[in-house]
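Protein chains in written order, with the numbering used here: chain A, 2 to 116; chain B, 2 to 114.
Glycine included, each C-beta is placed from N, C-alpha and C at the ideal position.
One structure is given here, and the rest of the page talks about it.
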Amino acid sequence: DAGVIQSPRHEVTEMGQEVTLRCKPISGHDYLFWYRQTMMRGLELLIYFNNNVPIDDSGMPEDRFSAKMPNASFSTLKIQPSEPRDSAVYFCASSWTSGFIYEQFFGPGTRLTVL
Amino acid sequence: TQLLEQSPQFLSIQEGENLTVYCNSSSVFSSLQWYRQEPGEGPVLLVTVVTGGEVKKLKRLTFQFGDARKDSSLHITAAQPGDTGLYLCAGDGPSGSQGNLIFGKGTKLSVKP
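Listed below in structure tokens is the structure:
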């Protein structure tokens, strides 16, 4: 399998612009997670889906952030409008239920810079 | 709220030295995982421990899960520059949040040749 695929790998945009990050999970996985990583705050969970349904979005910073999972093989994280404080590395991860063990597989991340 | 505290936050050692990093919580976890993240990449799962007192070995890496399933340690013997990276521990989330992991902030390890 190709692993979790994220695009783009790098994104530089100006404040106020819309940003869309994309993720293709590993085939057969039923969980999908979006994280944000910064030096100060570490790895923060933004939202996660189970069988394409959002389960917990309490980590989404504010209404400027939205995420969708229209089918089992694709998800997007959108920021509109973007702000400099959104600059971070955004990771997508997927997993499947194996008994009670949940092992997550991460994509390579999207490094977002908002000027 | 379940939290995982990792220590030390940073560790810089010479090649060949041994080291131990810790992951502690006041909460009980059904399982705990260790990930390693190299610069510019996503975290990669190293091991999962599920039984209190369990010890798992992965070449020069030894992972231990505390008897009470509240803490874990990672010991590296004869560290090499290739061990450099961010080590993250993660435990299963609050009950009712199946599938969600709680991550610690990590230990950043630098092994100098």
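Kindly indicate the opening and closing residues of the beta strand (DSSP E) around residue 18 of chain B.
Your numbering for residue 18 of chain B matches position 17 in the second sequence. First-last for residue 18 of chain B: undefined, no H or E at that position.
Sub-8 Å separation of residue 77 of chain B and residue 84 of chain B beta-carbons:
Numbered from 1 along the second sequence, position 76 holds the residue referred to as residue 77 of chain B. Numbered from 1 along the second sequence, position 83 holds the residue referred to as residue 84 of chain B. Closer than 8 Å, so yes.
With a threshold of 8 Å between beta-carbons, can residue 42 of chain B be considered close to chain A, or not?
Counting from 1 along the second sequence, the entry for residue 42 of chain B is found at position 41. For residue 42 of chain B, the answer is yes, since a Cβ of chain A falls inside 8 Å of its Cβ.
Pull up the distance between the alpha-carbon of residue 116 of chain A and that of residue 75 of chain B, whole angstroms please.
The residue you call residue 116 of chain A lines up with position 115 of the first sequence. The residue you call residue 75 of chain B lines up with position 74 of the second sequence. In a straight line, the C-alpha of residue 116 of chain A is about 39 Å away from that of residue 75 of chain B.
Taking the straight line between their C-alpha atoms, what separation do you get for residue 36 of chain B and residue 10 of chain A?
The count along the second sequence starts at 1 and reaches residue 36 of chain B at position 35. The count along the first sequence starts at 1 and reaches residue 10 of chain A at position 9. The straight-line gap separating the alpha-carbon atoms of residue 36 of chain B and residue 10 of chain A is approximately 21 Å.
Fully enclosed by the region 11-68 of chain A, which beta strand (DSSP E) runs are 3 residues long or longer?
Runs of the beta strand (DSSP E) inside the region 11-68 of chain A: 11-14, 20-25, 32-39, 43-51, 54-57.
Taking the straight line between their C-alpha atoms, what separation do you get for residue 8 of chain A and residue 43 of chain B?
As a working mapping, residue 8 of chain A is identified with position 7 in the first sequence. As a working mapping, residue 43 of chain B is identified with position 42 in the second sequence. When the Cα atoms are used, residue 8 of chain A and residue 43 of chain B turn out to be separated by approximately 13 Å.
Please identify the residue among A:108, A:41, A:23 whose C-alpha is closest to the C-alpha of residue 96 of chain A.
Locating residue 96 of chain A in the first sequence gives position 95, where the first residue counts as 1. It is A:108.
Looking at the structure shown, is residue 61 of chain B part of a helix, part of a strand, or coil, going by DSSP?
By 1-based counting over the second sequence, the position of residue 61 of chain B is 60. Coil.
For residue 12 of chain A, which residues in chain B fall below 7 Å Cβ to Cβ?
Position 11 of the first sequence, counted from the first residue, corresponds to residue 12 of chain A. Those do not exist, as residue 12 of chain A stays about 15 Å from chain B at its closest Cβ, beyond 7 Å.
Please report the distance separating the alpha-carbon of residue 52 of chain B from that of residue 65 of chain B.
The count along the second sequence starts at 1 and reaches residue 52 of chain B at position 51. The count along the second sequence starts at 1 and reaches residue 65 of chain B at position 64. Taking the straight line joining both Cα atoms gives about 10 Å.
When the cut-off is 8 Å and only beta carbons count, does residue 109 of chain A lie next to chain B?
What you label residue 109 of chain A is simply residue 108 of the first sequence in a count that begins at 1. Taking Cβ atoms only, chain B reaches closer than 8 Å to residue 109 of chain A, which makes this a yes.
Once the 5 residues before and after residue 25 of chain B are set aside, which same chain residues still bring their CB inside 6 Å of it?
Along the second sequence, one-based indexing puts residue 25 of chain B at 24. Correct list, in chain order: 6, 72.
Going by beta carbon distance, what residues of the same chain come within less than 6 Å of residue 17 of chain A, once the five residues before and after it are set aside?
Against the first sequence, residue 17 of chain A aligns to sequence position 16. Closer than 6 Å at Cβ, skipping near neighbours: 82.
What is the residue span of the beta strand (DSSP E) that residue 94 of chain A lies within?
Here residue 94 of chain A refers to the residue found at position 93 when the first sequence is read from its first residue. Start and end: 89-96.
Considering only residues of the same chain and omitting the five flanking positions on each side of residue 81 of chain B, which have a CB-CB separation below 7 Å?
Mapped onto the second sequence, residue 81 of chain B falls at position 80. If we look at residue 81 of chain B and ignore the five residues flanking it on each side, its Cβ neighbours are 16, 112.
Ends of the beta strand (DSSP E) at residue 49 of chain B?
Within the second sequence, numbered from 1, the residue matching residue 49 of chain B stands at position 48. Start and end: 45-50.
Reference residue 51 of chain A; option with closest CA among A:21, A:114, A:94, A:61
By 1-based counting over the first sequence, the position of residue 51 of chain A is 50. Measuring from the Cα of residue 51 of chain A, the nearest candidate turns out to be A:94.
Just the C-alpha distance for residue 78 of chain A and residue 18 of chain B, rounded to the nearest angstrom, thanks.
By 1-based counting over the first sequence, the position of residue 78 of chain A is 77. By 1-based counting over the second sequence, the position of residue 18 of chain B is 17. Their backbone Cα atoms lie some 42 Å apart in a straight line.
Residues that residue 25 of chain B bridges to, as DSSP identifies them:
To locate residue 25 of chain B, count along the second sequence from 1; it is residue 24. Answer is B:6, B:72.
Reduced DSSP secondary structure (H/G/I, E/B, other) of residue 83 of chain B
Residue numbering aside, residue 83 of chain B sits at position 82 when the second sequence is read from its first letter. Of the three classes helix, strand and coil, the one that applies to residue 83 of chain B here is helix, per DSSP.
Starting from residue 111 of chain B, follow the beta strand (DSSP E) in both directions and report where the run begins and ends.
Against the second sequence, residue 111 of chain B aligns to sequence position 110. Segment 108-113, the beta strand (DSSP E) holding residue 111 of chain B.
Exposed or buried, what is residue 40 of chain A when buried is set at 16 or more other beta-carbons lying within 10 Å of its beta-carbon?
Locating residue 40 of chain A in the first sequence gives position 39, where the first residue counts as 1. Exposed, because fewer than 16 other Cβ atoms sit within 10 Å of the Cβ of residue 40 of chain A.
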